[in-house]
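There are 2 protein chains.
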Amino acid sequence: MPTRLTNFFLRTLREDPSDAEVASHKLLVRAGYIRRQAPGVFAWLPLGLRVKAKIERIVREEMEAAGAHEVHFPALLPKEPYELTNRWVEYGDALFRLQDRKGADYLLAPTHEEAFTLLVKDLYSSYKDLPLTIFQIQDKYRDEARPRAGLLRGREFTMKDAYSFDVTDAGLDASYQAQRDAYERIFTRLGLEYVIVKADAGAMGGSKSEEFLHPTPVGEDTFVRSAGGYAANVEAFETVVPEAVPFDGLPEALVLDSPNTPTIQTLVDLANERYPRPDGRAWTAADTLKNVVLALVHPDGNREVVVVGLPGDREVEMKRVEVAFAPAEVDAAGDADFARHPGLVKGYIGPWSPEGAVLGEESATGIRYLVDPRVADGTEWITGANLPEKHVFGLVAGRDFVADGVIEAADVRPGDPAPDGSGPVELARGMEIGHVFQLGRKYAEVLGLKVLDENGKLATVTMGSYGIGVTRILAIIAEDHHDDKGLVWPASVAPFDVHVVATGKDQAAFDAAEVIVAELEAAGREVLFDDRPKLSPGVKFADAELLGVPKIVIAGRGVADGVVEVWDRATGERTQVPLDGVVAALS
Amino acid sequence: MPTRLTNFFLRTLREDPSDAEVASHKLLVRAGYIRRQAPGVFAWLPLGLRVKAKIERIVREEMEAAGAHEVHFPALLPKEPYELTNRWVEYGDALFRLQDRKGADYLLAPTHEEAFTLLVKDLYSSYKDLPLTIFQIQDKYRDEARPRAGLLRGREFTMKDAYSFDVTDAGLDASYQAQRDAYERIFTRLGLEYVIVKADAGAMGGSKSEEFLHPTPVGEDTFVRSAGGYAANVEAFETVVPEAVPFDGLPEALVLDSPNTPTIQTLVDLANERYPRPDGRAWTAADTLKNVVLALVHPDGNREVVVVGLPGDREVEMKRVEVAFAPAEVDAAGDADFARHPGLVKGYIGPWSPEGAVLGEESATGIRYLVDPRVADGTEWITGANLPEKHVFGLVAGRDFVADGVIEAADVRPGDPAPDGSGPVELARGMEIGHVFQLGRKYAEVLGLKVLDENGKLATVTMGSYGIGVTRILAIIAEDHHDDKGLVWPASVAPFDVHVVATGKDQAAFDAAEVIVAELEAAGREVLFDDRPKLSPGVKFADAELLGVPKIVIAGRGVADGVVEVWDRATGERTQVPLDGVVAALS
Chain A
1 MPTRLTNFFL RTLREDPSDA EVASHKLLVR AGYIRRQAPG VFAWLPLGLR VKAKIERIVR
61 EEMEAAGAHE VHFPALLPKE PYELTNRWVE YGDALFRLQD RKGADYLLAP THEEAFTLLV
121 KDLYSSYKDL PLTIFQIQDK YRDEARPRAG LLRGREFTMK DAYSFDVTDA GLDASYQAQR
181 DAYERIFTRL GLEYVIVKAD AGAMGGSKSE EFLHPTPVGE DTFVRSAGGY AANVEAFETV
241 VPEAVPFDGL PEALVLDSPN TPTIQTLVDL ANERYPRPDG RAWTAADTLK NVVLALVHPD
301 GNREVVVVGL PGDREVEMKR VEVAFAPAEV DAAGDADFAR HPGLVKGYIG PWSPEGAVLG
361 EESATGIRYL VDPRVADGTE WITGANLPEK HVFGLVAGRD FVADGVIEAA DVRPGDPAPD
421 GSGPVELARG MEIGHVFQLG RKYAEVLGLK VLDENGKLAT VTMGSYGIGV TRILAIIAED
481 HHDDKGLVWP ASVAPFDVHV VATGKDQAAF DAAEVIVAEL EAAGREVLFD DRPKLSPGVK
541 FADAELLGVP KIVIAGRGVA DGVVEVWDRA TGERTQVPLD GVVAALS
Chain B
588 MPTRLTNFFL RTLREDPSDA EVASHKLLVR AGYIRRQAPG VFAWLPLGLR VKAKIERIVR
648 EEMEAAGAHE VHFPALLPKE PYELTNRWVE YGDALFRLQD RKGADYLLAP THEEAFTLLV
708 KDLYSSYKDL PLTIFQIQDK YRDEARPRAG LLRGREFTMK DAYSFDVTDA GLDASYQAQR
768 DAYERIFTRL GLEYVIVKAD AGAMGGSKSE EFLHPTPVGE DTFVRSAGGY AANVEAFETV
828 VPEAVPFDGL PEALVLDSPN TPTIQTLVDL ANERYPRPDG RAWTAADTLK NVVLALVHPD
888 GNREVVVVGL PGDREVEMKR VEVAFAPAEV DAAGDADFAR HPGLVKGYIG PWSPEGAVLG
948 EESATGIRYL VDPRVADGTE WITGANLPEK HVFGLVAGRD FVADGVIEAA DVRPGDPAPD
1008 GSGPVELARG MEIGHVFQLG RKYAEVLGLK VLDENGKLAT VTMGSYGIGV TRILAIIAED
1068 HHDDKGLVWP ASVAPFDVHV VATGKDQAAF DAAEVIVAEL EAAGREVLFD DRPKLSPGVK
1128 FADAELLGVP KIVIAGRGVA DGVVEVWDRA TGERTQVPLD GVVAALS
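Keeping their order, the protein sequence lines are chains A and B. Residues 1 to 587 (this note's numbering) make up the first sequence, in order. Residues 588 to 1174 (this note's numbering) make up the second sequence, in order.
This is how it looks when you write it as structure tokens:
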């Protein structure tokens, strides 16, 4: 049975919704695919539901081909397991929490690691039961601070989430690879360009993690890639560490006056003016060591002040710092923090060693001092002397101070070398469409998922977690496939295969269209039939362009001459086809 | 690709879950179809998900055949529309409520009348757009006070809910009938016995409402039916009103002493002893008029005392009273209520008229007095005289008192006449599996859903609401189709068509099973293949019986002689079939 526009539930709109910024949001609303219910919460109208079902089918088929079994969990889950893993707290405001009539705490699950872990614990007990990968396609909830861009960042969204369970690390590697391969097949079938980037596991914990990013200017993520094949998201980019330089022959550090040097540039200018290099090369910002004071708020509420040293020509990149310090939250240091640490001389902060102050009268001992990987042993720096209006020149890392640790805090820039030696990197915008994690034993440990191994001993299971954002993918496809007239669906996910339009006042055109629709349906094609009488061809064509079905058949005046037009939505090409040749032309 | 038990996610259990009372709950858990997550909240395991998908497919097909269009709403919805219809309050503790990070109120929708109404208001504006019926298959939430019986009464459950929109009452009748017909087809395809009973619309408001009840001893509802075809749920049963009797010639009422008559029986005994009827017939409880004091708590919090008069041989049935007084809640009258109304003489309460007290020194004016339909004009009663230790004999309804209204408060009993004249009724237990409502204009009125009618005037839309409990139906099918060994699925919803079991130590049996499985799959059958090595035939057969796939093929020792056994799970019949005849035998 074809879907007829005379009685289909559809209303196309001429105006963009006022809250829409990106094309997918505007067009999906205007073309009657989705409708907003609350910020970041949408209802699916018939056309949208059809596209979503097609994406889900592709995902499901590839999951099953990869040996994963489908289950379905409730969105409403009890608090306790999420308390054990600390996600009840760590998720912060992003978790929808509620109580039932008895006052018991529940949440709307953002992902289901805990529930899947407990299910396997509940049912399985032997290594013989493993490996196992189970998945669901399910509606998830995240109370985003700034839901935006329609389906691209919603508060309710459909995800395919899969979880793998293995006894051995090699098993986890294999399960991870199977999901990773399935993701490649899924995105290929969906015609979605993707880049696999090394990712930080973030709040999920675990060891190995890769993101599938779709390069797009509307993307929220910046990622790094080299022509030689390296790719990582900015958080996971690893700075190339310079070779250590021997201390022999390095001159001693000198403390020098440096009044009125509130910025790196003023410091460099002063250095070049008052203290030029003997060899005549100019000092640059890269010769200075900038020390940035940050405050960490640990999960237990404790506030810790840390100092991060990085070359003066680099900025601290908050995304990278946040990942490096997770699960602590990173805050700017305020007056109160400085007051508690009088050893921090604002504008003249320098490094120090665990043993105590290197320079300066007041020791800053007790504060962790961390450095960028470029601050390798033997590198010389102009930096604060921990004394008002004084800097130190020629301070040597590893000789004059020893940091408490190394941290990836600095921004990544085009031209930085890729860590795998594959050349300089460039930066690009992308949107996460999939994520594969090796969770390792973290969840199984906390929730007690153990099985008997081959030797009859209890072994903690190692897990993976694999997610694809179904509704986000739908929006990204719309983002990639549209023009100024409307949506242009690729055939794999189009709501219908063919959109047949009967136009004009001649009943013969409508009758011919009926025949063509019947023939197309008999040939297994899904047909949307614009059988609305009394509408101008212009209105019907505009709707067809807006809806974006890949092939449009127009039965109009040409029917009298035995022809219809076949219109390719993507190319705009229109071809005259004899009435009895439509099925062949579209197969 | 067949599903192989060697790597399927399944664990059958030998023990019933400790919290399970009914067979469907026990068996669905033991056979690995569902798993409890919280009270009334379940996860769906692969087998359960397959059965659920088959039920959903049947429901979807019949909805589409009835011209309904599928949409999908979020479970999470904002409060405001539910406030306008007052359901935010009326649902009481049964509504899951929550707040987002900004403190905005949300709910997990128990049904979606408000959201669908607003969607249509949002998109449609003309009578030409109607009629329209849209539906979804979606997970709903209700915070039941006593979730019970597994899926039969859960707090999260899957429903198909449909809503119709029409301009005219006749249109609504047609849309209602189309859904009602679709429900009949759905239940017939599912092999589910059903009785369509008149129902009260309850909290949904509206005018006409019918329930589809499945007769079952585990049912929560009592319904009434006659051999002549009448059926109603107890709340909707209408008492046959006796003909009014002319007052002419009826004797005057007499107030008589009646000490120590705390119960109807003691009153009847006293009447027969002290005040026998002149014609010698004995007084019975049916001759007395019992006056029951109730307290109503109105939605605005106001507490009202009412008195309900009904024949002394009947009991007040709370379900019926609650429906009659909805949306007020009904409470027992307490000492404080009596204290506020000193005219109510406990044990001797009688009727009165709107004009004031009929009898008694203290007037009970201001209290509504409602009567059972049997208290017709001209009927004579023994009842309280509103005076201590006194009753009145021969008090005539309509002559000596006029009630403020009629109420269906009395219980329904086997043998009561059906209101349509189709004979005496019997009572039976049933479980609601579907519900069709004519909501009328209530929601459209409150939410402002109007369209331009043929005359260009704004007309309020009239609506219907139609629900089927998908997960409940699954449980009811399991309830109906099981034996002491396990589940016995009907073919229409079975998770697989055929369960092939390879047994024994002979590789030939496993090889033969592989061939049969491949042939069955090639013939389009869905196959579950028990290819587990080293398990005893007894364990495999027990699992097959527990899982309940309709046809079981056993490839064992017979393979050497060229035969397998085909076992019908429902009848228990086992037939020997040649190896190359299995597909034919199962088609």
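Quick reminder that beta carbons are idealized off the backbone N, C-alpha and C, glycines included.
Handout entry: CB contact below 8 Å: residue 557 of chain A versus chain B
Key = Not an interface residue.
Problem - Assumed close pair residue 936 of chain B, residue 858 of chain B - CB separation to whole angstroms, cut-off 8 Å - result: 17 Å between Cβ atoms; not a contact.
Practice task
Compare the C-beta of residue 91 of chain A against all C-beta atoms of chain B and say whether one is closer than 8 Å.
Solution key: For residue 91 of chain A, the answer is no, since every Cβ of chain B falls outside 8 Å of its Cβ.
Problem - Within 8 Å of chain B by C-beta, residues of the stretch 68-85 of chain A in sequence order - result: From the stretch 68-85 of chain A, only 69, 70, 71, 72, 73, 74, 75, 76, 77 and 78 have a Cβ closer than 8 Å to chain B.
Problem - Any chain A beta carbon closer than 8 Å to residue 630 of chain B - result: At least one chain A Cβ lies under 8 Å of residue 630 of chain B.
Exercise for the section: Determine the closest residue to residue 196 of chain A out of A/180, A/393 and A/207, with distance taken between C-alpha atoms. Expected result: Among A/180, A/393 and A/207, the Cα nearest to that of residue 196 of chain A is on A/180.
Practice task
Anything in chain A within Cβ reach of residue 743 of chain B, meaning under 9 Å, just list it in chain order.
Solution key: Near residue 743 of chain B (Cβ distances below 9 Å), the residues of chain A are 74, 75 and 76.
Practice task
Output the distance between the C-alpha atoms of residue 829 of chain B and residue 919 of chain B, rounded to the nearest integer angstrom.
Solution key: Residue 829 of chain B and residue 919 of chain B: Cα-Cα distance of roughly 29 Å.
Handout entry: Endpoints, alpha helix (DSSP H) assigned at residue 367 of chain A
Key = No alpha helix (DSSP H) holds residue 367 of chain A; DSSP gives it neither H nor E.
Problem - Straight-line Cα distance separating residue 715 of chain B from residue 997 of chain B - result: Whole-angstrom Cα-Cα distance: 47 Å.
Problem - Proximity winner among A/524, A/511 and A/480, relative to residue 496 of chain A (alpha-carbon distances) - result: Of the candidates A/524, A/511 and A/480, the one whose C-alpha sits nearest the C-alpha of residue 496 of chain A is A/524.
Exercise for the section: Taking residue 1032 of chain B as part of the alpha helix (DSSP H), name the residues at either end of that continuous run. Expected result: 1029-1034 is the extent of the alpha helix (DSSP H) around residue 1032 of chain B.
Exercise for the section: Give the interface partners of residue 37 of chain A over in chain B, defined as CB-CB distance under 9 Å, in chain order. Expected result: Result: 660, 661, 663, 664, 665, 702, 705 and 706.
Problem - Buried versus exposed, by CB contacts within 10 Å (16 or more), residue 606 of chain B - result: So residue 606 of chain B ends up on the exposed side.
Handout entry: Beta-carbon neighbours of residue 633 of chain B, restricted to chain A and to distances below 9 Å
Key = Within chain A, the residues placing a beta-carbon under 9 Å from that of residue 633 of chain B are 69, 70, 71 and 134, ordered along the chain.
Exercise for the section: Flag residue 1134 of chain B as yes if its beta-carbon sits less than 8 Å from any beta-carbon of chain A, otherwise no. Expected result: With 8 Å as the cut-off, residue 1134 of chain B does not count as an interface residue toward chain A.
Handout entry: Buried versus exposed, by CB contacts within 10 Å (16 or more), residue 683 of chain B
Key = That one is buried.
Exercise for the section: Can you have a look at residue 5 of chain A and say buried or exposed, based on whether 16 or more other CB atoms are within 10 angstroms of its CB? Expected result: Classification for residue 5 of chain A: buried.
Exercise for the section: Taking C-beta pairs closer than 7 Å, name the residues in chain B that residue 172 of chain A reaches, listed in chain order. Expected result: Below the 7 Å Cβ cutoff, chain B contributes no neighbours of residue 172 of chain A, its closest Cβ being approximately 17 Å away.
Practice task
Within 10 angstroms of the Cβ of residue 834 of chain B, are there 16 or more other Cβ atoms? Answer buried if so, exposed if not.
Solution key: Exposed, because fewer than 16 other Cβ atoms sit within 10 Å of the Cβ of residue 834 of chain B.
Practice task
Closer than 8 Å by beta-carbon distance: list the chain B residues that pair up with residue 369 of chain A, in chain order.
Solution key: None at all; the shortest Cβ gap to chain B is about 36 Å.
Handout entry: Under 8 Å between C-beta atoms of residue 182 of chain A and residue 65 of chain A
Key = In this structure, residue 65 of chain A lies closer than 8 Å to residue 182 of chain A by Cβ.
Problem - Burial state of residue 400 of chain A, where buried means 16 or more other Cβ atoms lie within 10 Å - result: The Cβ neighbour count for residue 400 of chain A, taken over all protein chains shown within 10 Å, is at least 16; the residue is labelled buried.
Problem - heavy atom of the ligand ZN below 7 Å from residue 616 of chain B C-beta - result: The ligand ZN is absent from the structure shown, which contains no ligand whatsoever.
Problem - Any beta strand (DSSP E) of 3 or more consecutive residues that is wholly inside the stretch 364-417 of chain A - result: Listed in chain order, the beta strand (DSSP E) elements of length 3 or more contained wholly in the stretch 364-417 of chain A are 368-371, 380-387 and 390-396.
Practice task
Below 7 Å CB to CB, which residues in the same chain sit around residue 486 of chain A once its five sequence neighbours on both sides are set aside?
Solution key: Excluding its 5 nearest sequence neighbours in each direction, residue 486 of chain A has C-beta neighbours in its own chain below 7 Å: 27, 31, 545, 546, 547 and 548, listed in chain order.
Problem - Any chain B beta carbon closer than 8 Å to residue 176 of chain A - result: For residue 176 of chain A, the answer is no, since every Cβ of chain B falls outside 8 Å of its Cβ.
Exercise for the section: Check each residue of the stretch 496-507 of chain A: if its Cβ is closer than 8 Å to any Cβ of chain B, include it; give the result in chain order. Expected result: When C-beta distances to chain B are compared with 8 Å, every residue of the stretch 496-507 of chain A stays at or above that value.
Exercise for the section: Look up residue 686 of chain B in the DSSP assignment and give the residues it is bridged to. Expected result: DSSP, once it has assigned bridges, lists B/692 as partnering residue 686 of chain B.
Practice task
State yes or no: is the beta carbon of residue 711 of chain B nearer than 8 Å to at least one beta carbon in chain A?
Solution key: Yes, residue 711 of chain B lies at the interface with chain A (some Cβ there is under 8 Å from its Cβ).
Exercise for the section: Just list the alpha helix (DSSP H) runs in the stretch 211-283 of chain A, keeping only unbroken ones of 4 residues or longer that don't cross its boundaries, in chain order. Expected result: Within the stretch 211-283 of chain A, the complete alpha helix (DSSP H) segments of 4 residues or longer fall at 264-274, listed in chain order.
Practice task
Taking only beta-carbon positions, decide if residue 594 of chain B is within less than 8 Å of chain A.
Solution key: For residue 594 of chain B, the nearest CB of chain A lies under 8 Å from its own CB, placing it at the interface with that chain.
Practice task
Put residue 1076 of chain B into one of helix, strand or coil per three-state DSSP.
Solution key: Residue state, collapsed to three classes: coil.
Problem - Beta bridge counterpart(s) of residue 752 of chain B as assigned by DSSP - result: In DSSP, residue 752 of chain B forms a bridge with B/719 and B/1050.
Problem - Within chain B, partners of residue 588 of chain A - CB distance below 8 Å - result: Nothing can be reported for residue 588 of chain A: it is not among the residues displayed for chain A, which extend from 1 to 587.
Practice task
List the DSSP bridge partners of residue 148 of chain A.
Solution key: DSSP, once it has assigned bridges, lists A/153 as partnering residue 148 of chain A.
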